[in-house]
Amino acid sequence: MGALNLDYLRTFALVADLGSFSAAAERLGLTQPAISLQVRALEKQLGVRLVERVGRTARPSAAGEELLAHAGRIEAVTSQAIEAVARHAKGVLGRVRLGTGATPCAFLLPPLLADLKRRFPDLDITVTTGNSADIVKAVDENLLDIGLVTLPVTGRIFDVAPLFDERFVAIAPLGTDLPDSVTAKTLATYPLILYEPGANTRRITDEWLLSGGTDVKPLMSFGSVDAIKEMVAAGLGAALVPEIALRAGDRERLEVRPVTPPFSRRSALVLRRDKRLDRALRETLAALRTLSDLDEDE
21 MGALNLDYLR TFALVADLGS FSAAAERLGL TQPAISLQVR ALEKQLGVRL VERVGRTARP
81 SAAGEELLAH AGRIEAVTSQ AIEAVARHAK GVLGRVRLGT GATPCAFLLP PLLADLKRRF
141 PDLDITVTTG NSADIVKAVD ENLLDIGLVT LPVTGRIFDV APLFDERFVA IAPLGTDLPD
201 SVTAKTLATY PLILYEPGAN TRRITDEWLL SGGTDVKPLM SFGSVDAIKE MVAAGLGAAL
261 VPEIALRAGD RERLEVRPVT PPFSRRSALV LRRDKRLDRA LRETLAALRT LSDLDEDE
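Okay, structure coming up:
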């Protein structure tokens, strides 16, 4: 048995409600034979008689009564499904799962996500933070829709779109006598507080330090840039952090200097090439791509 024809089901319910094929035909703007044909087709599909004539009145049979008991619920569920899909088509409802590092999440995404929610109030965005390798793995496994991660990212399955560079600066406790531009050799004279091992950010900071002939064993390692800044502000050591991670008040409690040679980490959007881009995902991607303006502002 195939799926019920919803139009035929509505026609049958209307005949039962009005008690007349001709009245149903007039209501629907169809001929009476067309109404009879639809009801007979439904009866043939179900293998039962749905309508009985009592005099000049059409009444539902016992089987017809059973079907009518379900018809209202079928109509309600169908209407809800159509409305839900229509919302997706209009781009006002949908779910987007975004993964990123703690720094972009704290310092870049809040105003961007606030604007998205203002324009699309029913858009459901969840944000997961972690290191780039874990985020990319989650995108690969379709546990996340988009990753905003640090390059490099490898794999033919991914569509990778570079966005902006996060320039690094040296920070030290307020009052530290730092030169106008800090080299790896100079920074190594202080106890260092670095990112946790295994992250792309730790890799590039280690490479920068090694490029200056310095092999550093950090005093402490953290996965949070805010934790690193607090430790430096407390006088425990110096650090390398992305400049975008400095809030307005940080420059009043920390010494901040550019580094020589300058270095940065490149952030990119990553998603699977076979990912179906619904309206919610397209709008979120468009908003995230505006972060590329950061490079132009520098």
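Letter by letter, the sequence shown follows residues 21 to 318 in the working numbering.
Ideal placement from N, C-alpha and C gives every residue a C-beta, glycine not left out.
Computed from a prediction, not measured in an experiment: that's the story for all the values here.
| task | Counting only the same chain and skipping the five closest in sequence on each side, list residues whose C-beta sits under 7 angstroms from that of A181. | result | A288 and L289
| task | Give me the Cβ distance between E263 and R187, rounded to the nearest whole Å; I'm assuming they're in contact under 8 angstroms. | result | 5 angstroms
| task | Pick out whichever of A192, L207 and D165 has its Cα sitting closest to the Cα of E272. | result | A192
| What is the rounded straight-line gap between the Cα of A307 and the Cα of L136? | 7 angstroms
| request: Compare the beta carbon distance of A190 and A258 with 8 angstroms and say whether it is the shorter of the two. | output: yes
| Are there three or more Cβ pairs, one per stretch, closer than 8 angstroms when the region 158-169 is compared with the region 295-311? | yes
| field | Three-state secondary structure (DSSP) of G269 | value | helix
| request: Put T225 into one of helix, strand or coil per three-state DSSP. | output: helix
| Grouping DSSP H, G and I as helix and E and B as strand, with all else coil, what is D154? | helix
| said: If you reduce the DSSP assignment to three classes, tell me which class A300 lands in. | reply: helix
| Can you tell which of R115, I102, R47 and T51 has the C-alpha that lies nearest to the C-alpha of A300? | R115
| Do you know how far the Cα of I145 is from the Cα of T51? | 50 angstroms
| Contact the region 85-93 vs the region 28-41: 3+ CB pairs below 8 angstroms | yes
| Residue span of the alpha helix (DSSP H) that contains P172, given as start and end | Note, P172: premise wrong, no alpha helix (DSSP H); not H, not E.
| Which residue or residues does DSSP assign as beta-bridge partners of L118? | V147 and I166
| Cα-Cα separation between V245 and V97, rounded to whole angstroms | 49 angstroms
| Cβ-based burial, S152 [other Cβ within 10 Å; buried from 16] | buried
| task | My understanding is that S40 touches A78, with C-beta atoms under 8 angstroms, so please give their C-beta distance in whole angstroms. | result | 6 angstroms
| Which residue comes first and which comes last in the beta strand (DSSP E) that contains I213? | I213 to Y215
| Proximity below 8 angstroms, CB of L239 to CB of L256 | yes
| request: Can you give me the Cβ contacts of V68 inside the same chain, cut-off strictly under 6 angstroms, excluding the 5 residues immediately before and after it? | output: A83
| said: Measuring alpha carbon to alpha carbon, tell me which residue in L57, Q65, K237 and V105 is nearest I213. | reply: K237
| Which of the three DSSP states, helix, strand or coil, is assigned to V252? | helix
| message | When you compare the CB positions of L118 and V147, do they come within less than 8 angstroms of one another, or not? | response | yes
| Reference A208, options A122, R138, T221 and T225, closest by Cα | T225
| query | If you count every other CB in all the chains shown that lies within 10 Å of the CB of T221, and 16 or more means buried, which is it? | reply | buried
| query | What does L274 pair with, by DSSP beta-bridge criteria? | reply | P193
| query | Nearest to N25 by CA position, among Q58, A158 and A254, is which residue? | reply | Q58
| Would you call the CB atoms of I177 and R267 closer than 8 angstroms? | no
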